[in-house]
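Novice:
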Amino acid sequence: MHYTLAEIAAKIGGRVIGDENFVVTGINSLESAENNDISFAEEKFLKAAISSRAGALLVPRKSDDLNQNLIICERPFQAAGRLMAEIDAKAQQIKPLIAAEATIENNVNLGDNLYIGPGAFIAEGCRIGDNCRIYANTFIGKNVVIGSGCRIYPGVVIREGCKIGDRVIIHPNSVIGSDGFGFLQIAGHNVKIPQIGRVIIADDVEIGALCTINRAALDETVIGRGTKIDDHVHLGHGVKIGEDVIMCAQVGLSGGVRVGNQVMLGPRTGSVDHITIGDKARLMAGTQAAKSLAGGRDYGGTPAMPVKQSLRQMMAATHLANDRSRLALLEKKVQELEKLLDQNLCSSPNQKA
Amino acid sequence: MHYTLAEIAAKIGGRVIGDENFVVTGINSLESAENNDISFAEEKFLKAAISSRAGALLVPRKSDDLNQNLIICERPFQAAGRLMAEIDAKAQQIKPLIAAEATIENNVNLGDNLYIGPGAFIAEGCRIGDNCRIYANTFIGKNVVIGSGCRIYPGVVIREGCKIGDRVIIHPNSVIGSDGFGFLQIAGHNVKIPQIGRVIIADDVEIGALCTINRAALDETVIGRGTKIDDHVHLGHGVKIGEDVIMCAQVGLSGGVRVGNQVMLGPRTGSVDHITIGDKARLMAGTQAAKSLAGGRDYGGTPAMPVKQSLRQMMAATHLANDRSRLALLEKKVQELEKLLDQNLCSSPNQKA
Amino acid sequence: MHYTLAEIAAKIGGRVIGDENFVVTGINSLESAENNDISFAEEKFLKAAISSRAGALLVPRKSDDLNQNLIICERPFQAAGRLMAEIDAKAQQIKPLIAAEATIENNVNLGDNLYIGPGAFIAEGCRIGDNCRIYANTFIGKNVVIGSGCRIYPGVVIREGCKIGDRVIIHPNSVIGSDGFGFLQIAGHNVKIPQIGRVIIADDVEIGALCTINRAALDETVIGRGTKIDDHVHLGHGVKIGEDVIMCAQVGLSGGVRVGNQVMLGPRTGSVDHITIGDKARLMAGTQAAKSLAGGRDYGGTPAMPVKQSLRQMMAATHLANDRSRLALLEKKVQELEKLLDQNLCSSPNQKA
């Protein structure tokens with residue numbers, strides 16, 4: 001990265017206050033930026049920006065307290081985002097290529113403007129859309145369909161028959177369409193149930209590194225449009241995930257779970273099989289769903305309960321050891337009271353009367 | 001898939017009622033099947049089958065309520081399984097091949113009828129049995145022995161000296177024989193203990209995608225015959241797993257743990273190191289074993305306890321916040337009672353007497 | 001391995017008592033060693049050594065109870081460690097090689113004495129130090145810098161711009177520098193925030209198999225010198241890990257977490273984002289940190305609390321169901337006492353007076 005402030009201002013539609021020819025070579029946070037970096041501050045961070053060592057700042061307005069070179073623009077955060085996207089594109093720039101060291105079997109339908117890296121394996125019957133990147137050492141099984149504009153990072157394995165939409169990103173070493181975990185127990189042995197379903201991933205889905213999304217014995221495992229999945233996530237056979245869902249790292253959903261739209265699953269949340277989680281439900285880190293959960297609410301705890309209740313429970317639990325002592329003390333006191341009364345109230349009320 | 005009902009009936013030993021020439025192109029569940037699919041229903045699901053859109057059904061008997069084409073057979077579920085196995089075999093069909101793009105070092109002993117995909121690396125001293133598939137981009141380290149009929153999916157890494165039995169399946173990107181996590185702490189630094197043990201995997205074991213099964217400093221890490229392991233499972237150095245064990249996704253067992261035969265470990269169960277879990281023990285999802293567990297029982301909770309107790313504890317815990325209020329109220333009441341009695345019973349019983 | 005005892009004694013500076021020409025072909029624990037193995041016993045294990053089937057023993061002194069061939073040496077455990085390191089080096093021995101089947105782009109700076117395996121991909125602008133092993137089917141992105149003496153196991157993916165120190169070990173299929181999980185929610189959709197930060201891994205770090213260490217939107221994700229990380233660990237965007245830290249398997253730290261020096265994180269510990277864990281803090285297995293934790297202390301539980309408190313809480317919780325019954329019984333008793341007193345103390349104390 002090597003830009004003058006004038007160039008950046010032109011890119012993002014801003015106005016330079018200070019040295020238009022000042023060159024920045026990076027973008028960074030207010031705390032970490034050095035003199036050759038540009039940083040950014042929304043209105044509420046203008047005060048914090050004063051002490052930043054950044055050589056230049058994207059800000060919403062002029063401020064006399066700021067000694068750095070400034071670019072005034074309406075939405076500094078979004079402007080920074082556009083700049084970051086440009087840097088990202090440059091850092092990951094790659095020329096179209098079908099590497100000689102890739103293996104592409106017969107009867108594969110390849111789109112235009114593809115990058116297919118060395119060691120990529122694309123089996124017979126596949127169809128790959130335009131503008132995709134299939135990085136090195138990936139494996140695309142028989143009859144897989146991949147839309148346009150996808151990015152399949154190194155080491156990803158997509159098994160036979162799966163279908164990937166447009167603009168899907170799959171991060172390194174994730175596994176799509178591996179066998180669901182299905183066995184019949186016969187006389188103490190576990191007999192494999194063939195897993196002939198397939199995985200369907202809709203448009204604009206992003207799947208983190210080292211995830212597994214399994215096929216089922218029958219039927220489809222589905223990830224809905226726009227859903228974003230972090231690293232180390234496990235989705236069992238036949239799960240159906242809605243649109244615009246967020247799943248944080250290390251989530252594990254057992255077979256047949258249905259998740260609605262715009263659901264948020266925090267890190268390490270899990271579920272038993274075949275339950276439903278309603279639209280816009282949000283599960284805090286570590287929540288374990290043991291039955292279906294209504295949409296539009298926040299949950300926490302094991303088993304999942306309304307988040308407020310789970311927080312109250314969690315706080316109450318921190319007093320457990322002490323409360324046990326209180327309980328024991330009370331029992332002793334009540335016993336003493338009973339004894340005392342027994343000795344003092346010699347006759348029953350009736351007799352007394 | 002493209003079968004007439006007559007062909008299917010011949011395959012599975014059934015009898016067609018309806019159009020023998022009706023063609024099905026898939027098999028699916030009662031709910032998901034479409035007109036070109038065949039589905040199946042055991043006796044108890046015959047009612048549910050009435051509304052299925054499947055064009056044909058495998059059923060145990062004729063039923064006037066069913067309008068679909070029928071194939072009458074003794075065990076519809078098993079018959080469907082045989083059909084699914086055939087479809088699976090076809091979908092994953094592969095011709096024997098030693099890919100030119102594979103690297104096979106010197107002194108490797110290869111069996112007959114192998115598929116070794118492009119980018120597979122097989123180091124010196126390995127021995128691979130007949131009828132194995134070693135998919136693309138796998139790594140088989142020095143002196144590894146693999147039995148016959150194994151399926152090593154893409155991206156799997158098996159490090160030096162490990163031994164794999166017959167008919168073992170290892171799903172994509174799993175790592176067998178990586179170093180155990182062993183360090184000596186010397187003066188605040190962590191000094192690596194060489195891990196020269198090896199991993200032994202017995203016949204008919206299946207290991208999910210993205211699993212790690214570690215070697216130990218010394219001695220062997222062992223997975224017993226017929227054991228089935230789901231995705232994202234971590235088995236530490238020197239664990240000894242029995243036969244016909246089931247381990248669900250995201251299980252983690254620390255070093256030296258011994259697991260008996262026919263044990264069932266639910267999703268996300270874990271254990272401290274060097275404990276023993278007895279034959280046929282079953283651990284519910286999320287159970288954390290903190291000491292050895294006797295066989296033949298069901299466990300849950302943290303630390304692991306009998307499952308009924310863990311469920312009672314879990315339910316009791318949901319009342320914790322409320323119970324704290326009840327406890328505080330009781331304390332107040334008892335204090336009032338004590339005060340009341342103190343004021344009313346001016347003299348001791350003895351004095352009274 | 002094939003050594004006479006005389007050869008081993010010379011190697012480790014010991015003295016043979018017994019047959020100097022006795023040949024051992026392995027080293028193993030006292031329990032697992034067979035007659036062709038050597039084993040070892042510190043002073044306190046000399047008694048246990050009597051029944052070992054090992055053909056030879058490394059021991060600190062002569063003992064008449066021991067019938068095996070002996071090598072007397074000052075520190076048997078360390079001596080065994082040196083022997084194990086030699087065996088390990090032999091088992092993993094590899095000749096320097098730049099495999100013809102590796103892809104090395106232009107403008108890559110390669111050190112001396114390298115092993116670069118088949119299928120390794122090294123992008124333009126990389127710099128690799130001396131004596132490294134870059135195993136088969138690895139992916140090293142653009143402008144990555146790797147120090148000397150590193151071991152990058154098969155299937156590892158290091159994305160563009162990351163920096164790896166000297167003597168770093170990364171086990172198979174781990175992913176360094178994958179995108180952090182950062183999205184803006186705009187009108188119900190999740191819009192990706194470009195992740196242009198990088199990952200810096202210092203000298204002598206070891207990273208287990210199947211780990212993810214993510215880059216951030218900006219700034220650096222840092223792993224400090226000498227830190228050792230077990231398998232299946234997830235470190236979110238922008239975490240800063242200190243020196244000589246130990247992280248056990250399946251740990252997950254959310255974005256921006258800071259971990260001090262010599263911290264110990266047990267298996268399956270997790271944290272919310274942007275907290276700090278102080279130097280030498282130790283977190284027991286399963287601990288979930290919900291806020292910053294002071295250094296020098298031991299923690300357990302959810303949310304993290306002092307370990308003694310968490311153990312007390314855990315034990316108290318096992319009585320929860322029973323305690324609920326006790327509480328209910330007490331409530332009944334107190335109610336009866338109140339009633340009894342109400343009936344017996346007809347007049348108030350004042351009235352009585």
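Chains as they are written, first to last, in the numbering used here: chain A, 1 to 353; chain B, 1 to 353; chain C, 1 to 353.
All C-beta atoms in this analysis are idealised placements derived from N, C-alpha and C, irrespective of residue type, glycine included.
State the start and end residues of the unbroken beta strand (DSSP E) segment that holds V191/B.
Specialist: H189 to K192
Novice: Would you mind stating whether G256/C and V245/C have Cβ atoms separated by less than 8 Å?
Specialist: no
Novice: By the three-class DSSP mapping on this structure, what secondary structure does Q92/B have?
Specialist: coil
Novice: State the Cα-Cα distance for the pair G14/B and V24/B, rounded to the nearest angstrom.
Specialist: 16 Å
Novice: What residue ranges within the stretch 119-144 of chain C form continuous beta strand (DSSP E) runs of no fewer than 3 residues, ordered along the chain?
Specialist: none
Novice: May I ask which residues mark the beginning and end of the beta strand (DSSP E) holding N322/C?
Specialist: No beta strand (DSSP E) holds N322/C; the alpha helix (DSSP H) holding it covers L320 to N344.
Novice: Which residue marks the beginning of the alpha helix (DSSP H) containing S310/A, and which one marks its end?
Specialist: Run containing S310/A: V307 to A317, per the alpha helix (DSSP H) assignment.
Novice: Roughly how many angstroms separate the alpha carbons of F77/C and A41/C, rounded to a whole number?
Specialist: F77/C and A41/C have their C-alpha atoms some 7 Å from each other.
Novice: Could you pull out every residue in the same chain whose Cβ sits closer than 7 Å to the Cβ of L210/B, ignoring the five residues on either side in sequence?
Specialist: N173, S174, D231 and H232
Novice: What residues of chain B sit near E160/A, judged by a beta carbon separation below 8 Å?
Specialist: A91 and Q92
Novice: To the nearest angstrom, how far is it from the Cα of K62/A to the Cα of V191/C?
Specialist: 29 Å
Novice: I'd like to know whether the C-beta atoms of I207/C and H237/C end up nearer to each other than 8 Å.
Specialist: no
Novice: According to DSSP, is C155/B helix, strand or coil?
Specialist: Checking the sequence, you will find Gly at residue 155/B rather than Cys. G155/B: coil per DSSP, three-state reduction.
Novice: Smallest Cα separation from I116/A: which of Y135/A, L58/A and G266/A?
Specialist: Y135/A
Novice: Cβ of Y135/A less than 8 Å from any chain C Cβ?
Specialist: Chain C, which has a Cβ nearer than 8 Å to the Cβ of Y135/A, makes this yes.
Novice: For M315/C, count neighbouring Cβ atoms within 10 angstroms of its own Cβ and tell me buried if that reaches 16, exposed if not.
Specialist: exposed
Novice: Using a Cβ-Cβ cutoff of 7 Å, what residues of the stretch 18-35 of chain A are near chain C? List them in chain order.
Specialist: I27, N28, S29 and S32
Novice: Does DSSP put A49/A in a helix, in a strand, or in coil?
Specialist: helix
Novice: From this set, G296/A, Q288/A, G270/A and D273/A, which residue's C-alpha is nearest R282/A's C-alpha?
Specialist: G296/A
Novice: To the nearest angstrom, how far is it from the Cα of E20/B to the Cα of K142/B?
Specialist: 55 Å
Novice: Near R324/C, what residues of its chain come up, given a Cβ to Cβ distance below 6 Å and the 5 sequence neighbours on each side ignored?
Specialist: none
Novice: Could you tell me the distance, in whole angstroms, from the CA atom of C287/B to the CA atom of V222/A?
Specialist: Rather than Cys, the amino acid found at residue 287/B in this sequence is Thr. Distance between the alpha carbons of T287/B and V222/A is about 29 Å.
Novice: Using the Cβ count rule (16 or more neighbours within 10 Å means buried), how would you classify K308/B?
Specialist: exposed
Novice: Relative to the alpha-carbon of I38/C, which residue among D88/C, F22/C, G224/C and R215/C has its alpha-carbon at the smallest distance?
Specialist: F22/C
Novice: Could you tell me which residues DSSP puts in a beta bridge with K228/C?
Specialist: E206/C and I246/C
Novice: Just curious, the beta strand (DSSP E) that I201/B is in, first and last residue?
Specialist: R198 to I201
Novice: Identify whether A9/B lies in helix, strand or coil by the three-state DSSP scheme.
Specialist: helix
Novice: Cβ of L184/B within 8 Å of Cβ of I196/B?
Specialist: no
Novice: Note down, in chain order, every chain C residue with its Cβ under 8 Å from the Cβ of R297/A.
Specialist: Within 8 Å Cβ-Cβ: nothing; R297/A doesn't reach chain C, min ~17 Å.
Novice: Three-state secondary structure (DSSP) at Q195/A?
Specialist: coil
Novice: Compute the Euclidean distance between the alpha carbons of I146/A and H319/A, then round it to the nearest angstrom.
Specialist: Just so you know, the alpha carbons of I146/A and H319/A end up roughly 54 Å apart.
Novice: Rounded to whole angstroms, how far is the Cβ of R151/C from the Cβ of I176/C, which I believe are closer than 8 Å?
Specialist: Actually they are not in contact, since the Cβ atoms of R151/C and I176/C sit about 14 Å apart, beyond 8 Å.
Novice: Within 10 Å of its beta-carbon, does L66/B have 16 or more other beta-carbons around it, so buried, or fewer, so exposed?
Specialist: buried
Novice: To the nearest angstrom, how far is the alpha carbon of K95/B from that of A120/C?
Specialist: Distance between the alpha carbons of K95/B and A120/C: 26 Å.
Novice: Is S348/C buried or exposed, if buried means 16 or more other CB atoms sit within 10 Å of its CB?
Specialist: Residue placement at S348/C cannot be trusted, given a pLDDT of 44 that sits under 50; what the coordinates show is reported in the next sentence. Flag for S348/C reads exposed.
Novice: With DSSP as the reference, label A289/A as helix, strand or coil.
Specialist: strand
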